[in-house]
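In the working numbering, the protein residues as written are 209 to 317. Where is the CB? At the ideal position from N, CA and C, for every residue including glycine. What follows is a set of notes on a single structure, which appears directly below.
Spelled out as C-alpha coordinates, the structure:
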(Lines of atoms letter the chains of each structure in order from A and count residues from 1; the text may use other names and numbers.)
(Lines give C-alpha, C1' and ligand atoms only; values in the text may rest on other atoms or scores of the structure.)
Protein backbone atom coordinates (compact mmCIF):
# COMPACT_ATOMS: atom_id res chain seq x y z
CA UNK A 1 0.00 0.00 0.00
CA UNK A 2 1.43 3.38 -1.01
CA UNK A 3 1.83 6.09 1.63
CA UNK A 4 -0.29 8.52 -0.39
CA UNK A 5 -3.20 6.14 0.16
CA UNK A 6 -2.86 6.45 3.92
CA UNK A 7 -4.06 9.06 6.40
CA UNK A 8 -2.40 9.46 9.77
CA UNK A 9 -5.05 8.75 12.41
CA UNK A 10 -3.82 11.63 14.57
CA UNK A 11 -4.43 14.07 11.67
CA UNK A 12 -7.83 12.54 10.96
CA UNK A 13 -8.84 12.93 14.61
CA UNK A 14 -7.62 16.52 14.74
CA UNK A 15 -9.42 17.44 11.51
CA UNK A 16 -12.75 15.82 12.47
CA UNK A 17 -12.64 16.42 16.22
CA UNK A 18 -12.72 12.69 16.92
CA UNK A 19 -11.05 11.08 19.92
CA UNK A 20 -8.22 8.68 19.00
CA UNK A 21 -9.75 6.24 21.49
CA UNK A 22 -12.89 6.14 19.31
CA UNK A 23 -10.81 5.09 16.29
CA UNK A 24 -9.09 2.46 18.46
CA UNK A 25 -12.48 1.21 19.64
CA UNK A 26 -13.70 0.93 16.02
CA UNK A 27 -10.58 -1.08 15.21
CA UNK A 28 -10.88 -3.28 18.31
CA UNK A 29 -14.53 -3.91 17.48
CA UNK A 30 -13.52 -5.03 13.97
CA UNK A 31 -15.31 -2.21 12.17
CA UNK A 32 -12.20 -0.71 10.56
CA UNK A 33 -8.66 -1.72 9.79
CA UNK A 34 -5.63 0.35 10.56
CA UNK A 35 -2.02 0.04 9.59
CA UNK A 36 0.93 0.66 11.88
CA UNK A 37 4.13 2.05 10.37
CA UNK A 38 6.99 3.06 12.67
CA UNK A 39 4.68 3.18 15.70
CA UNK A 40 2.16 5.49 13.98
CA UNK A 41 -1.32 4.35 13.01
CA UNK A 42 -2.88 5.02 9.63
CA UNK A 43 -6.24 4.63 7.91
CA UNK A 44 -6.62 3.79 4.26
CA UNK A 45 -8.15 6.62 2.24
CA UNK A 46 -10.69 4.03 1.03
CA UNK A 47 -11.98 3.73 4.62
CA UNK A 48 -12.27 7.45 5.35
CA UNK A 49 -15.89 7.75 4.18
CA UNK A 50 -16.95 4.86 6.42
CA UNK A 51 -15.06 6.23 9.42
CA UNK A 52 -16.61 9.67 8.88
CA UNK A 53 -20.06 8.07 8.82
CA UNK A 54 -19.38 6.06 11.97
CA UNK A 55 -18.07 9.16 13.76
CA UNK A 56 -21.24 11.09 12.86
CA UNK A 57 -23.41 8.23 14.05
CA UNK A 58 -21.56 8.12 17.35
CA UNK A 59 -20.97 11.80 18.09
CA UNK A 60 -24.04 13.38 16.48
CA UNK A 61 -26.62 10.69 17.20
CA UNK A 62 -25.13 9.02 20.28
CA UNK A 63 -25.10 5.54 18.75
CA UNK A 64 -22.85 3.04 20.55
CA UNK A 65 -20.42 0.64 18.86
CA UNK A 66 -22.94 -2.21 18.78
CA UNK A 67 -25.41 0.04 16.98
CA UNK A 68 -22.73 1.26 14.58
CA UNK A 69 -21.83 -2.37 13.86
CA UNK A 70 -25.47 -3.22 13.10
CA UNK A 71 -25.85 -0.17 10.85
CA UNK A 72 -22.57 -0.91 9.02
CA UNK A 73 -23.67 -4.50 8.42
CA UNK A 74 -27.02 -3.38 7.04
CA UNK A 75 -25.39 -0.79 4.78
CA UNK A 76 -23.02 -3.43 3.38
CA UNK A 77 -25.98 -5.73 2.73
CA UNK A 78 -27.80 -2.91 0.93
CA UNK A 79 -24.72 -2.32 -1.26
CA UNK A 80 -24.55 -6.01 -2.16
CA UNK A 81 -28.27 -6.12 -2.97
CA UNK A 82 -27.99 -2.99 -5.12
CA UNK A 83 -25.11 -4.54 -7.06
CA UNK A 84 -27.07 -7.77 -7.55
CA UNK A 85 -30.08 -5.78 -8.73
CA UNK A 86 -27.96 -3.91 -11.28
CA UNK A 87 -26.54 -7.19 -12.60
CA UNK A 88 -30.07 -8.62 -12.87
CA UNK A 89 -31.35 -5.48 -14.63
CA UNK A 90 -28.45 -5.52 -17.06
CA UNK A 91 -29.10 -9.18 -17.79
CA UNK A 92 -32.78 -8.52 -18.46
CA UNK A 93 -32.06 -5.66 -20.85
CA UNK A 94 -30.68 -8.10 -23.42
CA UNK A 95 -33.95 -10.09 -23.30
CA UNK A 96 -36.32 -7.14 -23.36
CA UNK A 97 -38.31 -6.47 -26.51
CA UNK A 98 -37.54 -3.19 -28.25
CA UNK A 99 -39.39 -0.22 -26.86
CA UNK A 100 -42.22 1.35 -28.84
CA UNK A 101 -40.81 3.70 -31.43
CA UNK A 102 -37.43 1.96 -31.34
CA UNK A 103 -36.97 1.39 -35.08
CA UNK A 104 -33.25 0.68 -35.21
CA UNK A 105 -33.82 -3.05 -34.59
CA UNK A 106 -36.43 -3.45 -37.32
CA UNK A 107 -35.71 -4.30 -40.95
CA UNK A 108 -36.96 -1.69 -43.38
CA UNK A 109 -38.80 -3.06 -46.45
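The C-alpha of residue 291 is placed about 15 angstroms away from the C-alpha of residue 301. Secondary structure note for residue 234: its alpha helix (DSSP H) is the uninterrupted segment 228–236.
For residue 212, no alpha helix (DSSP H) segment is defined, and its DSSP state is neither H nor E. According to DSSP, residue 267 shares a beta bridge with no other residue.
If you ignore the 5 residues before and after residue 221, its C-beta comes within less than 6 angstroms of the C-beta of 228, all in its own chain and listed in chain order.
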